[in-house]
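Peer 1: According to the working numbering, the residues represented by the sequence shown are 62 to 697, in order.
Note that CB positions come from ideal geometry on N, CA and C, so glycine has one too.
One structure is given below, represented as C-alpha cells, and several questions about it will come after.
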Amino acid sequence: MKKTLFGLSIFLWAAIPAFTQNVVEHAAPGFDIPHVTIPHGSIDTISYNSTTVGNPRRALIYTPPGFSRQHKYPVLYLLHGIGGDEKEWLNGGSPQVILDNLYAEGKIEPMIVVMPNGRAMKDDRATGNIMAADKVQAFATFEKDLLSDLIPYVQKKYPVYTDKDHRAIAGLSMGGGQSLNFGLGNLDKFAWIGAFSSAPNTKTPEQLVPDPAAAKQQIKLLWISCGASDGLITFSKRTHEYLQKNNVPHIYYIEPGVHDFKVWKNGLYMFSQLIFKPVDTTTFSKYPAGIPAETNVRNAKYPQIQADHRVIFQVKAPEARTVQVDLGRKYDMVKDASGLWTATTDSIGEGFHYYSLLIDGVAVADPASETFYGMGRMAAGIEIPGANYYALKDVPHGDIRTRKYFSKVTGSWRQLYIYTPPGYDESIGRKYPVLYILHGGGENETGWARQGKADLIMDNLIASKKAEPMLIVMPDANVGGMAFDEAPLKTFESELKEVIIPLVEKQFHVETDASKRALAGLSMGGIHTLYTGIKNTELFSYLGVFSSGWLQPRQSSIAEAQYDFMKANATTINNHLKVLWISMGGKEDIAFKNCQLMLAKLDELKIRYAYSEYPGGHTWPVWRNNLFNFAQQLFK
Numbered sequence: 062m063k064k065t066l067f068g069l070s071i072f073l074w075a076a077i078p079a080f081t082q083n084v085v086e087h088a089a090p091g092f093d094i095p096h097v098t099i100p101h102g103s104i105d106t107i108s109y110n111s112t113t114v115g116n117p118r119r120a121l122i123y124t125p126p127g128f129s130r131q132h133k134y135p136v137l138y139l140l141h142g143i144g145g146d147e148k149e150w151l152n153g154g155s156p157q158v159i160l161d162n163l164y165a166e167g168k169i170e171p172m173i174v175v176m177p178n179g180r181a182m183k184d185d186r187a188t189g190n191i192m193a194a195d196k197v198q199a200f201a202t203f204e205k206d207l208l209s210d211l212i213p214y215v216q217k218k219y220p221v222y223t224d225k226d227h228r229a230i231a232g233l234s235m236g237g238g239q240s241l242n243f244g245l246g247n248l249d250k251f252a253w254i255g256a257f258s259s260a261p262n263t264k265t266p267e268q269l270v271p272d273p274a275a276a277k278q279q280i281k282l283l284w285i286s287c288g289a290s291d292g293l294i295t296f297s298k299r300t301h302e303y304l305q306k307n308n309v310p311h312i313y314y315i316e317p318g319v320h321d322f323k324v325w326k327n328g329l330y331m332f333s334q335l336i337f338k339p340v341d342t343t344t345f346s347k348y349p350a351g352i353p354a355e356t357n358v359r360n361a362k363y364p365q366i367q368a369d370h371r372v373i374f375q376v377k378a379p380e381a382r383t384v385q386v387d388l389g390r391k392y393d394m395v396k397d398a399s400g401l402w403t404a405t406t407d408s409i410g411e412g413f414h415y416y417s418l419l420i421d422g423v424a425v426a427d428p429a430s431e432t433f434y435g436m437g438r439m440a441a442g443i444e445i446p447g448a449n450y451y452a453l454k455d456v457p458h459g460d461i462r463t464r465k466y467f468s469k470v471t472g473s474w475r476q477l478y479i480y481t482p483p484g485y486d487e488s489i490g491r492k493y494p495v496l497y498i499l500h501g502g503g504e505n506e507t508g509w510a511r512q513g514k515a516d517l518i519m520d521n522l523i524a525s526k527k528a529e530p531m532l533i534v535m536p537d538a539n540v541g542g543m544a545f546d547e548a549p550l551k552t553f554e555s556e557l558k559e560v561i562i563p564l565v566e567k568q569f570h571v572e573t574d575a576s577k578r579a580l581a582g583l584s585m586g587g588i589h590t591l592y593t594g595i596k597n598t599e600l601f602s603y604l605g606v607f608s609s610g611w612l613q614p615r616q617s618s619i620a621e622a623q624y625d626f627m628k629a630n631a632t633t634i635n636n637h638l639k640v641l642w643i644s645m646g647g648k649e650d651i652a653f654k655n656c657q658l659m660l661a662k663l664d665e666l667k668i669r670y671a672y673s674e675y676p677g678g679h680t681w682p683v684w685r686n687n688l689f690n691f692a693q694q695l696f697k
C-alpha cells in the first residue's frame with residue numbers, strides 16, 4: 062500500500078508543472094470573416110424585468126455551436142460604449158463570427174455571451190445628448206441592474222454555472238470602465254475581467270483595487286488592452302502602473318490602433334481564448350506592452366515602441382565592433398553572443414523622426430524600417446503614436462495622386478504630389494481652393510505626403526468640418542544650385558508661377574482666384590514661401606511660414622531687399638493677404654533666432670501677421686501641427 066501511495070504521489074508531483082499556457086497571438090487577417098462550412102452559434106434577444114429601473118429591459122444573448130440545455134456553461138457579460146446599446150457589439154464587432162471561428166479552431170471554451178444595455182434607465186436608447194448627466198449616471202446604475210436583475214434572469218433561464226469562477230465581464234470604452242468598476246468592485250461575483258480601451262468613467266486605481274492582496278487571491282485573469290494611438294490610453298496606463306506597483310498579476314496589452322472596433326474586436330479575440338481555462342501567470346509578462354512601429358517593414362518586430370514611448374532597437378551585425386542608434390541623440394547598442402545589438406532610448410516625442418544606425422561609424426538605414434527621403438538621402442524613420450488629428454480614422458478619405466510633367470523652367474522631367482479631398486471625382490461641377498505646400502531642405506515632394514501625413518490631417522479636418530475641402534499640391538522645390546542662394550529661389554518662383562500653377566489649373570477643377578490660393582512651407586520651404594509669396598500677393602491670399610526665417614548673415618542681402626519691398630508696399634501686402642501665419646517649434650527650433658529677427662522687422666514695417674509656437678523643435682511633429690492649425694484658417 063505504501064508503495065502504491067508513493068508511486069501515486071510521484072505521478073501527481075510530475076504532473077503539476079506539465080501545464081504551460083501559450084501566449085495568445087494578435088488576431089490574424091480573416092479572424093472576423095464568416096465561414097459557411099463551420100458550425101455556428103445563435104444570437105437571440107431576451108427581455109428581463111428590471112426592478113432597478115422599473116420596467117422590462119433588453120439584451121442580446123449568444124449561445125455557442127452545439128448548445129444543449131443538458132450542459133452547463135460559463136457566462137461572459139460583454140458591455141458596449143457610451144454611444145451604443147445592446148446591439149453595438151453585434152453591429153460593429155461581429156462577436157458571433159469571431160467566437161464561431163475560434164470554436165471551430167478549438168481555441169475557446171463553450172460559453173454563453175450576454176450583451177446587455179449598460180445604460181440603466183427607463184429610456185435607455187442612445188439618442189439625444191449621450192453625455193447628459195442622467196445618461197452617464199445610468200452607466201453606473203447598471204451595476205445594480207446587472208447584479209440584481211440580469212444575472213439572476215440568465216441563471217434562471219439558461220443552463221449556466223452560478224459561481225464566480227464561471228463568470229466573466231468585459232467591455233469596450235465606457236463598457237471597459239464598467240467592467241473594471243463592477244468586476245474589481247465585486248470580486249465575489251467575477252473572476253475574469255477584461256477592459257478594452259477603458260474610458261474616463263474608470264475609477265482611480267486606488268478605488269478599483271483598495272486591497273491588492275485580496276485582488277491577487279480572487280482574480281483569475283485581469284486583462285487591460287488599448288490602442289497605442291488612443292487618446293484615452295492614459296486611463297489604461299494608470300491602472301496598469303498601479304497594478305504593477307502592487308504586484309497584482311494582469312495582462313497589459315498595447316496594440317497599434319485608435320479608439321475603434323479594430324482594437325476592440327482583437328481584445329475580444331484574445332481575451333475569450335484565455336477565460337474559463339487554467340491560468341499561467343508567468344506568461345503575462347510576455348504580452349507586449351510595446352508595439353512594433355507602424356513604420357517598420359512587414360513582420361519586423363523592432364523597433365518596438367513601449368507604452369511610455371521609449372523605443373527598443375535591434376539589429377543583427379555579428380562582425381560589427383560598435384553600433385549606435387542616432388536619433389539626434391546617440392544611443393550605444395549592446396551586443397549579445399549571437400551578434401544581436403540592442404538599445405533602449407529615453408522617451409521619444411510623438412510623431413515622425415528620422416534616425417540612422419551607426420555601424421562602425423557609418424550611417425546606414427535600419428533594414429527593419431521603411432525609408433524616407435530626408436537629410437538628402439533615403440533614411441530610416443520611426444512613427445511614435447501621438448496626436449489623434451493625424452490618426453487613420455473611419456471617415457471619408459481623399460487621394461494622393463502624382464503628376465509627372467516636363468518643366469520648361471528647369472528643362473527636365475519633374476513630379477509633384479496632389480491631395481484631392483473626399484468626393485472630388487464625384488463633384489465635377491465643383492471648383493476647389495488650392496494650398497501649395499513646400500518641403501524642407503534635404504527632402505522632396507514626398508515629404509508632406511509621407512512624413513507629413515497631409516492626407517490624414519485633411520481627411521479628419523474635413524470630416525469634422527473644421528477645414529474647407531481643398532486640394533493640396535506638393536511640388537519638388539529642389540531646382541539645382543545651393544539651396545539658400547537667390548538663384549534657386551528665383552528659379553522655383555518661376556517654376557511655381559509659370560509651370561505648376563498653370564498645370565494644376567488645367568488638369569484639376571480648381572478655383573483660379575487669389576482668394577482661393579494659399580502657399581506654405583517648412584524650413585527651406587518657408588523661405589521659398591517668403592521669397593515667392595510676399596512679392597506675389599496678387600496670386601496668394603494666404604501664406605504659411607513654418608520653422609523658418611531669413612538665414613542670417615547668409616541671406617542678409619536677400620532679406621534686406623525684401624524688407625525694402627515690404628516698406629514700399631506695406632498697404633498692398635496687408636490688403637491682399639488675409640493670413641500671414643508664422644509658426645515655430647519653440648526656442649529649441651534651429652530657426653528660432655532668425656525668425657525672431659524677422660518678426661521684429663515685420664513689426665517695424667507694420668506688416669500684419671499671426672504668430673504661433675508648438676514645442677518640438679525643427680521636426681515633423683511640429684510641422685504636422687502647423688498644417689493642422691493653418692488649414693483651419695484657409696478659404697473662409
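(1) Whose CA, out of G582, G437, R359 and M627, lies closest to the CA of L604?
(2) Between the Cα of E204 and the Cα atoms of D421, K217, A181 and F553, which residue gives the shortest distance?
(3) Just checking my contact of P125 with Y222 at CB under 8 Å: how many whole Å lie between their CB atoms?
(4) For my contact list, L695 and P482 are in at a C-beta cut-off of 8 Å; report their separation, rounded to the angstrom.
(5) What is the DSSP secondary structure of N178, reduced to helix, strand or coil?
(6) Which first and last residues belong to the beta strand (DSSP E) in which E506 is found?
(7) According to DSSP, simplified to helix, strand and coil, what is Q512?
(8) On the CB-based measure, 16 or more other CB atoms within 10 Å of its CB, does P317 come out buried or exposed?
(9) Under a three-way DSSP split, which group does R299 fall into?
(10) Suppose you measure from the CA of D369 to the CA of V309; what does that come to, to the nearest Å?
(11) Rounded to the nearest angstrom, what separates Y313 and L282 at their Cα positions?
(12) As a quick exercise: from P446, A441, D387 and T432, pick the residue whose alpha carbon is nearest that of G422.
(13) Can you name, in chain order, every residue of its own chain whose Cβ lies under 8 Å from the Cβ of F251, other than the five neighbours on each side?
(14) Which residue wins for smallest C-alpha separation from I373, given the options A381, E559, Y624 and A361?
(15) Does the distance from the CB of V376 to the CB of L419 come in under 7 Å?
(16) Tell me whether W74 is buried or exposed, calling it buried when 16 or more other Cβ atoms sit within 10 Å of its Cβ.
(17) Given this structure, state the Cα-to-Cα distance separating G678 from Q657, to the nearest angstrom.
(18) Kindly list the residues whose CB is nearer than 7 Å to the CB of P95, restricted to its own chain and excluding five residues on each side of it in sequence; keep chain order.
(19) Based on the DSSP output, what are the partners of H87 in its beta bridges?
(20) I443 and Y416 look like a contact to me (Cβ under 8 Å); what is the Cβ gap, rounded to whole Å?
(21) What does T403 pair with, by DSSP beta-bridge criteria?
(22) Note the first and the last residue of the continuous alpha helix (DSSP H) segment covering G154.
(23) Give me whichever residues DSSP pairs with Q385 in a beta bridge.
(24) According to DSSP, simplified to helix, strand and coil, what is V319?
(25) Would you grab the beta carbon distance between Y330 and F92 for me? Rounded to a whole angstrom, and I think it's under 8 Å.
(26) Just to confirm the assignment: which complete alpha helix (DSSP H) runs, minimum length 4, are found wholly within the segment 235 to 308?
(27) Let me make sure I understand the geometry here. Which of Q239, S618, A276 and R511 has the alpha-carbon closest to that of P177?
(28) Taking T495 as part of the beta strand (DSSP E), name the residues at either end of that continuous run.
(29) Would the beta-carbon of S602 fall within 7 Å of that of K639?
(30) Can you name, in chain order, every residue of its own chain whose Cβ lies under 8 Å from the Cβ of W474, other than the five neighbours on each side?
(31) So, under 8 Å CB-CB, I122 and Q334 are touching, yes? Tell me the CB distance rounded to an integer number of Å.
(32) How is the beta strand (DSSP E) around E444 delimited, first residue to last?
(33) Here's a check: name, in chain order, each residue in its chain whose Cβ is nearer than 7 Å to the Cβ of A524, leaving out the five neighbours to either side.
(34) Can you tell me which of the three DSSP states Q476 falls into?
(35) Which of the three DSSP states, helix, strand or coil, is assigned to R186?
(36) Going by other Cβ atoms of all chains shown within 10 Å of its Cβ, with 16 needed for buried, is K526 buried or exposed?
Peer 2: So, from the listed chains and residues:
(1) G582
(2) A181
(3) Incorrect: roughly 14 Å between the Cβ atoms, too far for contact.
(4) The Cβ separation is near 13 Å, so there is no contact.
(5) coil
(6) Counting along the chain, E506 falls outside any beta strand (DSSP E), and DSSP gives it neither H nor E.
(7) coil
(8) The Cβ neighbour count for P317, taken over all protein chains shown within 10 Å, is at least 16; the residue is labelled buried.
(9) helix
(10) 20 Å
(11) 11 Å
(12) D387
(13) Apart from the 5 residues on each side of it in sequence, F251 sits with its Cβ closer than 8 Å to the Cβ of K225, R228, A229, I230, F243 and G244 in its chain, given in chain order.
(14) I373 has its Cα closest to that of A361, out of A381, E559, Y624 and A361.
(15) no
(16) Residue placement at W74 is poorly supported in this model, since its pLDDT is 31, which falls under 50; the coordinates are not used for a value here.
(17) 15 Å
(18) Around P95: V158.
(19) According to DSSP, H87 bridges with nothing at all.
(20) 6 Å
(21) Q375 and V395
(22) E149 to G154
(23) Listed as beta-bridge partners of Q385 by DSSP are D393 and L419.
(24) coil
(25) 6 Å
(26) 235 to 246, 266 to 269, 273 to 279 and 294 to 306
(27) The residue with the shortest Cα to Cα distance from P177 is Q239.
(28) In the sequence on display, residue 495 carries Val and not Thr. Segment V495 to L499, the beta strand (DSSP E) holding V495.
(29) Their beta carbons are under 7 Å apart, which means S602 touches K639 by this criterion.
(30) Excluding sequence neighbours, W474 sits near K465, Y466, F467 and S468.
(31) Not quite, the Cβ-Cβ distance comes to about 21 Å (not below 8 Å), so this is no contact.
(32) The continuous beta strand (DSSP E) containing E444 extends over residues R438 to I445.
(33) V456 and P457
(34) strand
(35) Here R186 sits in coil by DSSP.
(36) exposed
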